[in-house]
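In the working numbering, the protein residues as written are 122 to 431.
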Amino acid sequence: MTTLLIAEHDNRQLSGETAKALSAASQLGGDVHVLVAGEGASAVAEAAAKLDGVAKVLQAEGSAYAHHLAEPLAALIVELAPAYAAIVGPATASVKNALPRAAALLDVMQVSDVSAVVSGDTFERPIYAGNAVERVRSADKIKVLTIRTSAFAAAGEGSGAAPVETVAAASDPAVSRFVSDEVAHSERPELTGAKIVVSGGRALGSKERFDELMLPLADKLGAAVGASRAAVDAGYAPNDWQVGQTGKVVAPDLYVACGISGAIQHLAGMKDSKVIVAINKDADAPILAVADYALVGDVFTLVPELTQKL
């Protein structure tokens with residue numbers, strides 16, 4: 122069987138999430154082709170061609186793909202789909218926007234958030250905020266999967282480069298248009314790919330205190346900054362910092378949770394972290410049950426002390 126992997130990128134760089142999704146796609150068996158749909162994305166296609174396990178890169182160029190709108194990308198996927206047994210993509214915002222539409226147009230089901238590949242037609246995915254794992258077998262001719270990338274290691278570079286083939290753009294349904302975007306630029310690592318993440322919760326009390334405590338700690342550790350949903354809802358941190366069931370799923374080498382109680386929705390987004398450190402004044406906080414190391418005390422005292430000693 123041959124698998125089509127949808128590349129996540131910004132037209133300049135290939136996202137690390139693609140390499141993790143490639144590891145999952147490779148477990149399906151057979152060749153893996155990578156689709157790079159964008160505008161001026163030749164550098165992305167070249168980077169994808171160097172990944173270990175990629176047999177071919179398909180590059181589709183066009184203004185309709187410049188901003189990863191769901192409708193034109195789904196139309197392209199549907200045109201290419203008959204040649205593939207599976208269509209796979211990382212569970213990122215843009216891919217999760219396009220793949221369900223493609224699955225509907227193909228009249229097949231989508232298996233979302235795959236955390237393990239059992240066989241070419243059987244997959245595991247977390248449900249109930251990660252408290253249970255569901256095993257799903259698909260009888261569809263074409264399998265459509267989004268991959269929980271925190272569950273897979275990134276594929277490395279191979280010894281050579283796969284061929285890059287240009288494919289024609291599909292007809293644009295023209296039912297949506299790009300208006301504008303607002304991108305937050307930061308010198309810190311991107312949250313989902315960071316090896317160290319420090320997160321703050323509602324206990325920090327205000328945006329000023331959040332910034333005062335969390336940002337210096339993140340800078341000392343070279344970490345990305347995350348937040349609980351409660352902290353985001355209270356305006357302490359932007360939406361794209363939210364970690365949890367309705368935010369981003371992370372699995373860094375080190376996760377430091379400051380003033381986060383550990384509601385089930387938050388735990389679903391970070392409990393696969395290799396080492397979890399929790400700082401909380403409540404010795405019975407749920408997050409302490411999953412933490413490898415716990416500091417019980419006032420975050421306004423312990424976090425500055427920790428930052429000073431690093």
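Note that CB positions come from ideal geometry on N, CA and C, so glycine has one too.
Where residue 131 and residue 190 are concerned, what is the direct C-alpha to C-alpha distance, given to the nearest angstrom?
12 Å
According to DSSP, which residues form a beta bridge with residue 297?
The partner list for residue 297 (beta bridge, DSSP) is empty, contrary to what the question assumes.
Report the partner residues of residue 154 according to the DSSP bridge assignment.
125, 177
Residues near residue 351 by beta carbon distance below 7 Å, same chain, minus five either side
322, 323
Looking at the unbroken alpha helix (DSSP H) that takes in residue 350, where does it start and where does it end?
350-354
Could you check what DSSP says for residue 203 in three-state terms: helix, strand or coil?
helix
Residue 111: which of 370, 355, 347 sits nearest, CA to CA?
Any question about residue 111 goes unanswered here, given that the chain covers just 122 to 431.
Contacts around residue 127, its chain only, beta-carbon distance under 6 Å, and the 5 residues preceding and following it disregarded:
Taken in chain order, the residues that qualify are 156, 210, 216.
Report the residue ranges of all beta strand (DSSP E) runs contained in full by the region 357-400; include only those spanning at least 3 residues, in chain order.
375-379
Which residue or residues does DSSP assign as beta-bridge partners of residue 278?
172
Thinking just about the alpha-carbon of each residue, which of 275, 425, 293, 331 is nearest to the one in residue 174?
275
Cβ of residue 232 within 7 Å of Cβ of residue 244?
In contact: residue 232 and residue 244 (Cβ atoms closer than 7 Å).
If we ignore side chains and look at the alpha-carbon of each, how far apart do residue 339 and residue 309 end up?
8 Å
Per-residue DSSP class, three states only, for residue 231:
strand
Can the beta-carbon of residue 181 be found less than 7 Å from the beta-carbon of residue 158?
yes
Boundaries (first-last residue) of the beta strand (DSSP E) holding residue 321
317-321
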